[in-house]
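Q:
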Amino acid sequence: MSKVVIRAELIPGHHDALIEALGQHGPRAGNQMVFSISAACQKQWPVTLSDFTPPAHSDERAVEVKMTLREDYYPELFRLYKGLGHGNRQTVFLNMLNRHVSLSFGAPEAVMQAMTDYALARSCPESTRTVLSQDAAAGVAEPSGNPRPDEPVGHANSVASAISAAPQDVTPEPPAPLFVPDPMASVDIGL
1 MSKVVIRAEL
11 IPGHHDALIE
21 ALGQHGPRAG
31 NQMVFSISAA
41 CQKQWPVTLS
51 DFTPPAHSDE
61 RAVEVKMTLR
71 EDYYPELFRL
81 YKGLGHGNRQ
91 TVFLNMLNRH
101 VSLSFGAPEA
111 VMQAMTDYAL
121 ARSCPESTRT
131 VLSQDAAAGV
141 AEPSGNPRPD
151 EPVGHANSVA
161 SAISAAPQDV
171 TPEPPAPLFV
181 PDPMASVDIG
191 L
């Protein structure tokens, strides 16, 4: 198990989202929350050139933080951190974390979807994810075992296969067009 301890100063005005998130949840839970959000967002919103910009100096007191990034918990973030150059590693990583956390405040639905996709990707092998996504797209639900104890074991599967083998030639009727009156029909334009 490899780990990296990041000791840094967060600058108010530049790292506000990160300061707020870490302040609300405490050191350990805050670090894990920030790393979880960033690991999920990394694929969709990777490092950008703006992450290489160091924070401007401020008269306000900097907030000191200590974050431990473990390779076995967040392998993608660990590789990203180790892959950055030594001169700007900390700046880029903290700016990226701040951007991802601020994104979670601004667009929580998108971040929650990214976190759900990330969790599914880590928990399911690729073949299972493909089958699950195809079943979800087709609207097929898997039977959850034997529904009644008095039924034979194979009966639930045969019913499910009979339902899925039913002809799909029923086409829904298109909705009837709605008549919407022209709001400008009664206006005289002088022509």
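First residue of the sequence shown: 1, per UniProt numbering; consecutive thereafter. Every residue, glycine too, gets a C-beta built ideally from N, C-alpha and C. Predicted model, so just to flag it, every value in this text is computed and none were measured.
#1: Roughly how many whole angstroms lie between the Cα atoms of G87 and R61?
#2: Compute the beta-carbon to beta-carbon distance between A114 and Q44, rounded to the nearest angstrom, for a pair I have assumed lies under 8 Å.
#3: Tell me whether E151 sits in a helix, a strand or coil according to DSSP, three-state version.
#4: A8 to D117, Cα distance in whole Å?
#5: Checking 9 Å against the spacing of the C-beta atoms, do I6 and L94 come in under that value?
#6: For a quick check, are the C-beta atoms of L77 and Q42 less than 9 Å apart?
#7: Can you have a look at G13 and say buried or exposed, based on whether 16 or more other CB atoms are within 10 angstroms of its CB?
#8: Buried or exposed: where does N187 fall if 16 or more other Cβ atoms within 10 Å of its Cβ makes it buried?
#9: Is K3 helix, strand or coil when you go by DSSP?
#10: Within a Cβ cutoff of 7 Å, which residues of the same chain sit near N98, ignoring the five residues on either side of it in sequence?
#11: How would you call G30, buried or exposed, if buried means at least 16 neighbouring beta carbons within 10 angstroms?
A: According to the structure data:
#1: Their Cα atoms are separated by approximately 23 Å.
#2: So it is a contact: roughly 5 Å between Cβ atoms.
#3: Only weak support exists for where E151 lies, its pLDDT of 48 falling under 50; the value from the coordinates is given anyway. For E151, the secondary structure class from DSSP, reduced to helix, strand or coil, is coil.
#4: Their Cα atoms are separated by approximately 30 Å.
#5: Going by C-beta atoms, I6 is nearer than 9 Å to L94.
#6: In contact: L77 and Q42 (Cβ atoms closer than 9 Å).
#7: Exposed.
#8: Residue 187 is actually Val in this sequence, not Asn. The Cβ neighbour count for V187, taken over all protein chains shown within 10 Å, is under 16; the residue is labelled exposed.
#9: K3 falls in the strand class under three-state DSSP.
#10: Here the set comprises H15, A17, L18.
#11: So G30 counts as buried.
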